[in-house]
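Chains as they are written, first to last, in this note's numbering: chain E, 9 to 119; chain G, 99 to 211.
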């Protein structure tokens, strides 16, 4: 049972490059979230989705875009990466109980 | 604005000792409160959930308490082990159809041998 899988786990980008982080869940959860985690800041919500084909902005959405074309996948895109986007990114899906299931994280460095 | 405050920010204890982590929240209307454990380099994992009617809940050496009147929760770890070294995050959810839980910044616990 894979749960929530994030790819890639590590990535180094140059300023201005673009990339996409993929999150896949096999638990048939409706709600999915993308967070970033920075030292001393805790987990901050970037974007979320309440179902296939829907997305919404979270606390820190600037510089990111998302898509939820399939229920099991939630993609996070950076169109023009900036050093301020160096962070660890976590995807989560929400069970009907409200419990969040997190992926293992994607560590992004922007030079 | 919904907020969750955790204290202390960090804590160092010796193996075998007990410790207590605190969480104060202003989330309203309150639905439930969860404690998550995040090991270094891993994603957070749920330890326990507290609902409005629950005062205490245990999960092995972890005991969570909730005082809904003062809007405070604590996580007590008994007979700490090296594997307890982690960040502990308090997460509070509101009722009424809210999909967005409110996260605390976490308490970093280090257990030394």
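Heads up, the beta-carbon is just placed ideally off N, CA and C, and yes, glycines get one too.
- Considering only beta carbons, the part of the segment 186-206 of chain G lying closer than 9 Å to chain E consists of 187, 189, 191, 197, 198, 199, 201, 202, 203 and 204, in chain order.
- Judged by DSSP in its simplified three-state form, residue 120 of chain G adopts strand.
- Taking the CA atoms as reference points, residue 97 of chain E sits about 7 Å from residue 42 of chain E.
- Excluding five sequence positions before and after residue 198 of chain G, none of the CB atoms of its chain fall closer than 6 Å to its own CB.
- Between residue 103 of chain G and residue 123 of chain G, the gap from beta carbon to beta carbon is short of 9 Å.
- Inter-residue distance for residue 169 of chain G and residue 107 of chain G is about 19 Å (C-alpha atoms, whole angstroms).
- Within chain E, the C-beta atoms nearer than 7 Å to that of residue 141 of chain G come from 98, 110, 111, 112 and 113, in chain order.
- Taking the beta carbon of residue 130 of chain G as reference, the chain E residues within 7 Å of it are 106, listed in sequence order.
- Apart from the 5 residues on each side of it in sequence, residue 115 of chain G sits with its Cβ closer than 6 Å to the Cβ of 178 in its chain, given in chain order.
- Between residue 140 of chain G and residue 112 of chain E, the C-beta gap is smaller than 9 Å, which places the two residues in contact.
- Between residue 91 of chain E and residue 118 of chain E, the C-beta spacing is below 9 Å.
- Within the segment 55-77 of chain E, the residues whose Cβ lies closer than 8 Å to some Cβ of chain G are 56, 58 and 66, listed in chain order.
- Between residue 55 of chain E and residue 71 of chain E, the C-beta gap is not smaller than 9 Å, which leaves the two residues out of contact.
- Relative to residue 135 of chain G, the option among G/191, G/183 and G/193 whose CA is nearest is G/183.
- Excluding five sequence positions before and after residue 111 of chain G, the CB atoms of its chain that fall closer than 8 Å to its own CB belong to 117, 178, 207, 208, 209 and 210, given in chain order.
- Residue-level contact by beta carbon fails for residue 208 of chain G and chain E, as no gap is shorter than 9 Å.
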